[in-house]
Ligand code: WT7
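Numbering (the UniProt record's numbering), first residue to last: 1 to 675.
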């Protein structure tokens, strides 16, 4: 199984599925052929995992492309599919959520209990005048009521828009106004890093700008004092908890709007990504079943994302619950009250499947191997990663230190826009390469193209595109169809019929490719290796042009992280009079590395040489700075735009979407030091 490696960046080890997992896997290799033979028939079969009140008449209507309609004419209720049908099947006593609050308080909620909560919330919202043509904003901490609120909206056909609880009043009001929400569901506050932080106060500030909001529903979580507007504000415990738990779910059209989710976007005006009912739930449920190999009733699944991101929508709320999964839901941060909190929870709840992000994995590696080593992680059988490219180094650390060198690691590529996982290994099938998301899932058609939209051959790099519509795809940008066309559908493709481009997709299904000429541009760079496997390289805006060579920031970052002294790295291209752009790297050394004086100088020289040795002299950074932290968005993505400002000695733009806005001051000071 393992070959020795010369260099971690050129990590050559391959990992086959563990035999027991492979022999009992939910999805086997035949799924690829099945989907390739008839992609629409394949999705048609996946849709039958759900309970439909009315059958669809057509699997896909693409006649008004790029506006898709999936499962045309079908009708279903999402909350019924995620809760009631499991209870009706006799599984009411199964635990849906093992919830753990940051201070250590816990709640165990069965499917039957979840059903009561959802029906009560549905009745309370209906009493407030919310119906199937309305939007509801949800601004909550990671408490069970967040999932209940989403399901209650889905149950009555109201479209929810979850706003991450870390966002400012300004970001919140912008989203409430854009969505036209008439109710906001929030809490007095939540716990973060050991302290109660206010949410209701932020809602109050936001609502001074949102006259359309008629009511707030407020969950009591921390017990802190809150401002109160009589007539507008209502306590959850006075309204929802006292409402009737009898509620008949009505089915809605397969294309009924389920939710709007604003991309965390580093751009000025966030995009309201619209997802609908039947196709979205089909893809969330199928991918959760296929990629995580979920065995309901025995597995304990834990996705560490916040419900404020799409990962929390698809792999906490909708996919796992549609599949009848038992999950862990955790309110707080990974280092409260100590840096072993995640591993403690895995030990406590016997978690079998963990889904987290590279930024977290690199942070855990930085904190040290001895921390996870103190806990019993033997319940784990499968590990997932999402959100950014995962460096081979981090992939190996995850597999060895967390997965005990026995759990497959699935690197899953997708986006808020795609609704569900698109490119990922199948854990019972794929021979994995550390750092590669491998192949499109069955039923998905991805490709890598050059500037002109032609498929690149094996070994080539370019832009990631999706050539065929998929069930969980965004349907539009809320209120802005033109921006939807411009952003995703106008870079490549003809948008007409039969271009006869002869393009070949990586695999995944559909024999007649791109006959319709519509090509979805994901905004990411990618490489297709000699075996046809895909390597995601991050946003194309993050590709540098150095002396006429395209170099991705991800590659240089991976080279830096593969050095034993480096914990994390962020790389940007800064304008340079000679090379066009020059590589500037911001690097966090591991805790025990000596960076003072001469030792620091030596380390910098060595790191530059190390990058040149691994990637070639062209990729040698002009400058490397050793820093303590990197600027990250609240979803954990590095904000290279800000680092570019620093590298080009510009004053900093808006830093309010940063996790920690003081980080940039420290980095800017560092940049101005003599070097
Ligand atoms: C962007 C989408 C998908 C849920 C979380 C993020 C990057 C995501 C991977 C991966 C390389 C990845 C891409 C993508 N990304 N997963 N496995 N490998 N890059 O959702 O905020 O909509 O961001 O995240 O750049 O376009 P999002």
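Where is the CB? At the ideal position from N, CA and C, for every residue including glycine.
Residue i in three-state terms, based on DSSP
| i | result |
| --- | --- |
| residue 482 | helix |
| residue 126 | helix |
| residue 575 | strand |
| residue 632 | strand |
| residue 508 | Model confidence at residue 508 stands at a pLDDT of 40, short of 50, so the residue's coordinates are unreliable and nothing is read from them. |
| residue 189 | strand |
| residue 42 | helix |
| residue 266 | Residue placement at residue 266 is poorly supported in this model, since its pLDDT is 45, which falls under 50; the coordinates are not used for a value here. |
| residue 658 | strand |
| residue 404 | coil |
| residue 497 | Residue confidence for residue 497 is low, a pLDDT of 45 falling below 50, so the modelled location carries little weight and cannot support an answer. |
| residue 23 | helix |
| residue 432 | strand |
| residue 17 | coil |
| residue 271 | coil |
| residue 204 | helix |
| residue 452 | coil |
| residue 235 | strand |
| residue 637 | coil |
| residue 283 | helix |
| residue 293 | coil |
| residue 256 | coil |
| residue 5 | Because the pLDDT of residue 5 is 32, which lies under 50, any placement of that residue in the model is unreliable, and the question is left without a value. |
Whether residue i touches residue j by CB criterion (9 angstroms)
| i | j | result |
| --- | --- | --- |
| residue 419 | residue 327 | no |
| residue 331 | residue 190 | yes |
| residue 107 | residue 91 | no |
| residue 651 | residue 391 | no |
| residue 625 | residue 587 | yes |
| residue 277 | residue 253 | yes |
| residue 130 | residue 153 | yes |
| residue 685 | residue 526 | With the chain covering 1 to 675 only, the question about residue 685 has no answer from this structure. |
| residue 681 | residue 566 | With the chain covering only 1 through 675, there is no way to say anything about residue 681. |
| residue 46 | residue 73 | no |
| residue 438 | residue 424 | yes |
| residue 371 | residue 343 | yes |
| residue 261 | residue 118 | no |
| residue 537 | residue 543 | yes |
| residue 428 | residue 531 | no |
| residue 32 | residue 442 | yes |
| residue 381 | residue 352 | yes |
| residue 671 | residue 68 | no |
| residue 659 | residue 198 | no |
| residue 281 | residue 76 | yes |
| residue 365 | residue 304 | no |
| residue 51 | residue 85 | yes |
| residue 221 | residue 143 | yes |
Residue nearest to residue i in terms of C-alpha spacing, selected from the options
| i | options | result |
| --- | --- | --- |
| residue 482 | 271, 430, 531, 583 | 271 |
| residue 386 | 493, 319, 310, 432 | 310 |
| residue 467 | 430, 546, 516 | 516 |
| residue 540 | 383, 48, 448, 485 | 448 |
| residue 619 | 608, 627, 628, 42 | 608 |
| residue 300 | 257, 285, 348, 366 | 348 |
| residue 445 | 519, 486, 411 | 519 |
| residue 148 | 173, 113, 182 | 113 |
| residue 12 | 168, 219, 393 | 393 |
| residue 664 | 643, 649, 648 | 643 |
| residue 136 | 168, 583, 110, 186 | 186 |
| residue 635 | 263, 487, 354 | 263 |
| residue 584 | 592, 573, 593 | 573 |
| residue 458 | 123, 409, 529 | 529 |
| residue 684 | 279, 83, 524, 245 | The requested residue 684 is not part of the displayed model; the chain covers only 1 to 675. |
| residue 334 | 646, 41, 49, 100 | 100 |
| residue 377 | 360, 362, 367, 405 | 405 |
Anticipated Cβ contact below 8 angstroms, residue i with residue j, distance rounded
| i | j | result |
| --- | --- | --- |
| residue 216 | residue 184 | 5 angstroms |
| residue 436 | residue 533 | 5 angstroms |
| residue 614 | residue 603 | Rounded, the Cβ-Cβ distance is 16 angstroms, inconsistent with contact. |
| residue 569 | residue 555 | That pair is no contact at about 11 angstroms. |
| residue 218 | residue 188 | 6 angstroms |
| residue 274 | residue 477 | 7 angstroms |
| residue 323 | residue 285 | 6 angstroms |
At what residue ranges does the stretch 296 to 377 contain a whole run of the beta strand (DSSP E), taking only runs of 3 or more? 300 to 303, 326 to 330, 353 to 356
Could you name each continuous beta strand (DSSP E) segment of 3 residues or more that falls completely within the stretch 135 to 169, going from the start of the chain to the end? 135 to 139, 159 to 162
Suppose only complete runs of 4+ residues qualify. What are the alpha helix (DSSP H) ranges in the stretch 522 to 576, listed by chain order? 553 to 561
Where are the beta strand (DSSP E) runs, 3 residues long or more, that stay fully inside the UniProt domain "Acetyl-coenzyme A synthetase N-terminal" (31 to 82), in chain order? 58 to 61, 69 to 72
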